[in-house]
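**Student:** Got a structure for you, questions after.
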Amino acid sequence: MDHILFWNARGAGSDKFRSAVHDLVKMNSVDILIICEPKVQFKSAKNCLLSLGFTDYEVREAAGFSGGIWLLWNKNKVTVDFVDANFQSISVKVSWNNSTPWLLTGVYASPCNTSRSNLWSYLDSVYLKTGLPRMLVGDFNELLSFADKIGGSKHFRFGGMKDWVCRNGLVDLGYQGADYTWSNNSVKERLDRGFSDSDWRIMFPDACVSHLARMKSDHCPILVKLHPSSRGPRKNSPFRFQAMWLNHEQYLDMVSNSWNSSSGDLLYKADNLARALVEWNREVFGNIFKQKRTLNARICGIQRGLGKGPNSFLQDLEKKLIADYEKIRDAEALFWKQKSRDKWLCDGDRNTKSLHIILTIQNATKFGMEY
171 MDHILFWNAR GAGSDKFRSA VHDLVKMNSV DILIICEPKV QFKSAKNCLL SLGFTDYEVR
231 EAAGFSGGIW LLWNKNKVTV DFVDANFQSI SVKVSWNNST PWLLTGVYAS PCNTSRSNLW
291 SYLDSVYLKT GLPRMLVGDF NELLSFADKI GGSKHFRFGG MKDWVCRNGL VDLGYQGADY
351 TWSNNSVKER LDRGFSDSDW RIMFPDACVS HLARMKSDHC PILVKLHPSS RGPRKNSPFR
411 FQAMWLNHEQ YLDMVSNSWN SSSGDLLYKA DNLARALVEW NREVFGNIFK QKRTLNARIC
471 GIQRGLGKGP NSFLQDLEKK LIADYEKIRD AEALFWKQKS RDKWLCDGDR NTKSLHIILT
531 IQNATKFGME Y
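Okay, here's the thing in structure tokens:
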């Protein structure tokens, strides 16, 4: 219970946002979520975000389509106490399992130089309120060095951030993944990052920052892991029929061939089909969660490569892999729809008679084969 995700989502009102944020939270076991530049009021996305397991939140609304920052957490997993906020940041006191508290600040620095220049002294004043070890993560809308930009003009977004970092003895937490967190294809910049003071770094010596794959937004999500090796692999769950199989182009042929090639009574044929589905799921359909992780890693690798310069082959491959990822995400959405016991069987002609037979027999015999 020690993962913090920051994302400049560039809009939080669409179905794409809802799918993407669901993926990010579930795949990365996020405990504290910070969203900025939502372009909508919080009430528009509230139900979606709370359905991901968050119970509490602090919000500074966008002014029209500009700004805005939301911070959400689950009070049953982490203790969060509000400290201060303005239109560019939210600061809270954080503690896991009654451990030593520290100050977390989520930042969305204004693109306006004048407004942003006032941020640095404000952040100092917030720190003085608590004196706690502090970590800041966000979109700072400013560069720290010439290495933070590639492409475009020779104009670099330098301002007061570098002086603020030096004055406070802050440490750049570094990163894993692509070198740049924002891109408009021709220009790439590292605008999103994490900073801490030395006291916080001593508290969390293994903490790391990952630049996740950039998909829905032109900004990478930023994942901060306080204890990267603390979570073990998930165990396989018992086999269940998955509605998402219905969308696979080989499904109907596979069911038909398996059913017609076996003999015996109805129970025997259904048992053979169920066993065949287990094997088919493993060998042909595959594990969608593993596929998502693999595609995500490939997209991250491609975006890291594109950070070194333009490459038409990699750009085309990136588009293809993102499209593949979205198809798998649609399949996963159906998986979770089934898990939540929605009435997915009422979806029209896609539900074959053989499926109803299999489910009826399965419920009666309650066989539970493992992957």
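Taking our numbering, I'd label the letters of the sequence shown as residues 171 to 541.
Virtual Cβ for every residue (Gly too), placed ideally from N, Cα, C.
Keep in mind that this is a model prediction, so the values were computed, not measured.
1) With distances taken between CB atoms, is the gap from M373 to T300 smaller than 8 Å?
2) To test your reading of the DSSP string, which unbroken beta strand (DSSP E) runs of 3 or more residues are found completely within the region 262 to 293?
3) Identify whether H389 lies in helix, strand or coil by the three-state DSSP scheme.
4) Is it buried or exposed for S428, if we count other Cβ within 10 angstroms and need 16 for buried?
5) For N311, report the span of its beta strand (DSSP E) as first-last.
6) Quick check: the region 461 to 470 against the region 482 to 493, are at least 3 beta-carbon pairs closer than 8 Å?
7) In chain order, what residues of the same chain have a beta carbon less than 7 Å from the beta carbon of N192, not counting five sequence neighbours either side?
8) I believe D201 touches I239 by the beta-carbon criterion, under 8 Å. Please report the beta-carbon distance rounded to the nearest angstrom.
9) Check the C-beta distance from L476 over to Y495 and give it rounded, since I have them as a contact under 8 Å.
10) Where does R384 land, buried or exposed, given buried means 16+ other C-beta within 10 angstroms?
11) I need the DSSP call for R304, collapsed to helix, strand or coil.
12) Could you pull out every residue in the same chain whose Cβ sits closer than 7 Å to the Cβ of G329, ignoring the five residues on either side in sequence?
13) State the Cα-Cα distance for the pair Q346 and K395, rounded to the nearest angstrom.
14) Could you compute how far the alpha carbon of C378 sits from the alpha carbon of F252?
15) Could you tell me the alpha carbon to alpha carbon distance between T249 and N354, rounded to whole angstroms?
16) Just to confirm, are W370 and E359 a CB contact at a threshold of 8 Å?
17) For a test of the three-state rule: what should DSSP assign to Y421, helix, strand or coil?
18) Helix, strand or coil for L242, going by three-state DSSP, please let me know.
19) For S236, which of helix, strand or coil comes out of DSSP?
20) Return the residue from the list E207, R363 and D376 that minimises the CA-CA distance to R230.
21) Is the Cβ-Cβ distance between H389 and D309 less than 8 Å?
22) Between the C-alpha atoms of S189 and W266, what's the straight-line distance to the nearest angstrom?
23) Rounded to whole angstroms, what's the CA-CA distance from K186 to L436? Just pull it up for me.
24) When burial is assigned at 16 or more other CB atoms within 10 Å of the CB, is N178 buried or exposed?
**Tutor:** Taking the definition as stated:
1) It is not a contact, given that the beta carbons lie outside the stated cut-off.
2) Note on the region 262 to 293: whole beta strand (DSSP E) runs with a minimum of 3 residues are 272 to 278, in chain order.
3) Looking at H389 - three-state DSSP - the assignment turns out to be strand.
4) Under a 10 Å Cβ-count criterion, S428 is classified as buried, with 16 or more other Cβ atoms of the shown protein chains found around its own Cβ.
5) Premise fails: N311 is in no beta strand (DSSP E) and is neither H nor E.
6) Enough Cβ pairs lie closer than 8 Å, so yes.
7) Here the sequence assigns His to residue 192, which means Asn is not the residue at that position. Scanning its chain for C-beta atoms nearer than 7 Å, with the 5 sequence neighbours on each side dropped, one finds around H192 the residues L222, in chain order.
8) Actually they do not touch by this definition, with Cβ atoms about 18 Å apart.
9) The pair is not a contact, with the Cβ atoms about 16 Å apart (cut-off 8 Å).
10) Classification for R384: buried.
11) Residue state for R304 is assigned as strand, using DSSP reduced to three classes.
12) Taken in chain order, the residues that qualify are N283, R286, S287 and E312.
13) Rounded to whole angstroms, Q346 to K395 spans 11 Å at the Cα level.
14) The C-alpha of C378 lies about 24 Å from the C-alpha of F252.
15) Roughly 38 Å separates the two Cα atoms.
16) Against a cut-off of 8 Å, the Cβ pair of E359 and W370 comes out as no contact.
17) It is helical.
18) Strand.
19) Residue state for S236 is assigned as strand, using DSSP reduced to three classes.
20) When each option's Cα is compared against that of R230, the closest is E207.
21) Their beta carbons are under 8 Å apart, which means H389 touches D309 by this criterion.
22) Distance between the alpha carbons of S189 and W266: 28 Å.
23) Linking K186 to L436 through their CA atoms gives a straight-line distance of about 43 Å.
24) The C-beta of N178 has 16 or more other C-beta atoms within 10 Å across all chains shown, which makes the residue buried.
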